[in-house]
Structures are given as C-alpha cells and as structure tokens.
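Going by this note's numbering, the first residue of the sequence shown is number 1, and it counts up by one from there.
Scroll down for the structure; my scribbles are underneath it.
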Amino acid sequence: MARQQHQQDHTEDTRLPTEFLDRLTKPFVRFLQIQSASGAILLFFTIAALVLSNSPWAGPFEHFWETSLGFQFGTFEFARSLREWINDSLMTLFFFLVALELKRELVLGELNRPGAAALSISAALGGMIVPALIYVVLQSGQPGQHGWGTVMATDTAFVIGCLALIGPRVAKSLRVFMLSLAIFDDIGAILVVAIGYSSSIDWSALVVAALGMLIIRAMAALGFRGFPLYFLVGGLTWLAVDSSGIHATITGVIFGLMTPARRWVSDKRLYAILSQVVAHPVSSESSLATKDRHTLQVAEVAARESLSPVERLEIRLHPWVGFVIMPLFAFANAGLTLTLDDLDISVTLAVFSGFVLGKPVGILLFCWLAIRLHIATRPQELSWRLLAGGSLLAGIGFTMALFIANMSFGNSLIDSAKLGIFLASLFSAVAGIAFLMWLPASGATREAAHE
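In structure tokens form, the structure reads like this:
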C-alpha cells in the first residue's frame, strides 16, 4: 500500500500543477482538437452570412464589410475595406499555415516518400486542370470566361469534416491523401491568383520584397530563433509585395516553405539537459544568476527547440486559422441574395460543372496516368473506390473558390458564381459522403487485395 502511494506521489510530481482554470479549459482544448469542429463553425458562419444577406439587415451587413480601414504616414496612405483586409492580410496567414503543413508532410510526414507525394501532386494537377478546361469550354467568349481559376481549389476544412462524419469506415490512407491533395490544391490556387489575377508589376517594390525574403533567409542562417522579429520583417515584406501588384497572399506560401522543418535540439541533447535540472540541489539563493536558474532557463529553451519551427508555428496558428480567420472570411464573403433576378445561369452552370464533373474526372484520370507511367504508387489499402469517393468530396471548393471568385468576377457576375460554388459544394458533400457510406468498410481492402 505504501509502495502504491509512493508511486502515485511520484506520478503527481512529474505533472504540472492543475489550476481551476485548467479544469475549465481542457474540455475546450479537446474540442479544438477535433478536426471536424472547424468545418462545423465554418458552416455556421456561412449560414449566418446567407441569412443576414436575405434579411432586413442586408444593407447594413454589406456596408459594414465595406468600411474603410488604414493608416497614413505623411503623404503615404494605405487603406482598404474591412473585407479586403480579411481577404488579403488574414488569408496570408491561412496560406502560410497551408505551406507549413505541406513542408512538414514533405520533410517529416507521409509525403517524404516520392511515390506517395507524386500521387497527391498528380491528383491535385488533374483536379485543377480538368475543371478549368471544362469551365473555359462552357464560358468561352462570354463575360465570365476569366473566372476559370474559381473551380481549381478544394476546401480543406469541409473535406476533412466530411471524412470525420464518416468515421472509421474510410482508411487512414484516404484521409492522408485528401489532406495532401487539398494542400497542393490550395498552393496551386494561390499561384494561380499570383500569376493570373495580379495587376501590373511594380518592379522596384518587388525588389524590396525580394530583399526582405533574403534578410529572413540570412536571419535563419545566422541563428535568430525568436518568431516576433521574423513576423516584423515578414510584415514589411508583405507590404512590399502588396505594393508590387502581385497578390500579397503569395508571401504566406513563400515564407511557409522557407520555414525550417528540422529541430534544433535532438532528443538525446534534450534528455541530457533535463537530467542536469534534476541533478542540481535546490538552491537557497534568490539571485537570478544561480546555476540552478541558468539550468532551468537552458532547459526551457531546449524543450521549446525540441520541436521544429514548422511544428511550433502549426500548433500556434492552427486554432486561429481554423476557428477565427476562416469563419471570419466566410462571414465576410459568403453573403448571397437568394433571387433569380440578374443571375447569369451560364456562369452558375460552368462553376457547378467544373467542380462536380471536373474534379472527380481530373483526379481519377491523372492518378491512373501517374500509376500507369510508374511516376506514383498507390497504397494497397487506398482502393480505386475510395479514390472515387474522395474525388467527389474534392468538388467542395467553397472558401478557396469564394476567395478566387472575388478577384475573378465583377459585381454583375459574382452572385452567379457564388450560387454555383454553393450548389457544387453541397452536391459534392452529399454525393461523396453517400458514396463512401455505401462502400462496405471491408470492401476497399478486399478490392485492393485483388488488384
């Protein structure tokens, strides 16, 4: 009995002390860790935007997002609407997080195997090229022909949320495949925005932006480890890119891919440093310069640096992006007056067809070609039926599609494009979930074994 009590006391000593606030926050933290939660919140704010846009408060709701915000230094003035601040600056953090996830997967995760990465890249290319071609064919020579980029992206949060609703019926390999596909899709979408929807280039501002990126690279090489200084230089670089005429969200992708994915402190070194903490006797001195305090400070740095910068930034940014930035983006951009007046049905049909037909056809076709040409390998448990179900879910473009549509269409066509996005996302979600639910849980494994 005494031995059990000793073991219990030892276990308690190895844990951090618990405060009353911890008992309140732990359930909330667990809620944040559920991947489908961000999709549910995103859906809530989308519905809220639709309701407000079709209510007596539609005018004030729209006017609120058009409120101008900015700053001025002498003759230099930098101002834009609240909606533009969300779409340009906050979405940069979204793309930064997407690039961080891609970097981690390529270096530390499932995509560090060339065959697996090639399959996701091939699927993403097919899921961008074929929908764009379908859209261009349907809109050639019409006012909405420049909106081809709208149908190229996949909404990561909603796709992962749909897979979470299905539960363990789908193999883990499909979740990894769809997550990496959505990440590559988002990277491709922002490249399309940067190249296809940017204004005339100011080369002097672009040179300043390139200099800012070189400074960040030099800071990393010299060993600067504090995030605030990087964010300061990154913010100034964002302003330079924005002034250059290139869409500033591309800076999020570039900085994300520049972030180191290797940790500074290895497990062996971390354990050696921590052993020094327990080896020192408790000091009675109160000076901050005691050896005990210095060892604790070193241990604090070592514990922090035992995770790579990519991992630490992901942990910090993921709740903010998933539960603040993306819902805020949907709330600001998902408003649509539900009326058939002044709608261009051809644009709605082109957007709908690009997502609903182009995504599954493009993904399956390019996967088949990549495997046939021995460019990529398909995991045994990732059957063609699972790929087909996942390709249907990839037609959920939503937030990324809205992001590109706002730059592709004028006021006369934006509502038509939004209607196509909403209908395609709803159809793709229902069709993908129904197909994967219909697919027997063991059927995918049996099919893969016989192929």
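Beta carbons: idealized from backbone N, C-alpha and C, even for Gly.
{"query": "Helix, strand or coil at A79 according to DSSP, with G and I counted as helix", "result": "strand"}
{"query": "Same chain, Cβ closer than 8 Å to E414, five either side skipped, listed in chain order", "result": "In the sequence as displayed, the identity of residue 414 is Ile instead of Glu. If we look at I414 and ignore the five residues flanking it on each side, its Cβ neighbours are A405 and N406."}
{"query": "Nearest neighbour of G70, chosen from F61, H63, P60 and R83 [CA to CA]", "result": "R83"}
{"query": "Collapsed DSSP secondary structure at A147 in the structure displayed", "result": "Correcting the residue type first, residue 147 is Gly in the shown sequence and not Ala. Reduced to three states, the DSSP call for G147 is helix."}
{"query": "Three CB pairs or more closer than 8 Å across the segment 423-433 and the segment 205-213", "result": "no"}
{"query": "Helix, strand or coil at S200 [DSSP, three-state]", "result": "coil"}
{"query": "Distance between L343 and L211 (C-alpha atoms, nearest Å)", "result": "46 Å"}
{"query": "Environment of L373 [buried if 16+ CB atoms lie within 10 Å]", "result": "exposed"}
{"query": "Three-state secondary structure assigned by DSSP to F73", "result": "strand"}
{"query": "Cut-off 8 Å between Cβ atoms - residues of its own chain near A40, not counting five sequence neighbours on either side", "result": "G161"}
{"query": "Contacting residues, own chain, Cβ-Cβ under 7 Å from F45 (five flanking each side not counted)", "result": "P327, A330 and F331"}
{"query": "Inter-residue spacing [alpha-carbon to alpha-carbon] between V67 and V253", "result": "Checking the sequence shown, residue 67 turns out to be Thr, not Val. Cα-Cα distance, rounded: 28 Å."}
{"query": "Extent of the continuous alpha helix (DSSP H) run through A157", "result": "T156 to I166"}
{"query": "Whole-angstrom C-beta distance between L364 and S391, which should lie under 8 Å", "result": "6 Å"}
{"query": "E105, enclosing alpha helix (DSSP H) - first and last residue", "result": "M91 to V107"}
{"query": "Through-space distance from G389 to R378, alpha-carbon basis", "result": "15 Å"}
{"query": "Buried or exposed by the 16-neighbour rule on C-beta atoms within 10 Å, applied to A221", "result": "exposed"}
{"query": "L187 vs A99 beta-carbon contact at 8 Å", "result": "It is worth fixing the name first, because residue 187 is Ile in this sequence and not Leu. Yes; because the gap between Cβ atoms is below 8 Å, this pair is in contact."}
{"query": "Contact belief for A394 with V159 at Cβ below 8 Å, rounded distance in angstroms", "result": "7 Å"}
{"query": "Supposed close pair S408, H146 - CB separation, criterion 8 Å", "result": "6 Å"}
{"query": "Alpha-carbon to alpha-carbon, D341 and M258", "result": "48 Å"}
{"query": "Other residues of its chain near G354: CB distance less than 6 Å, five sequence neighbours each side excluded", "result": "P131, I134, Y135 and V151"}
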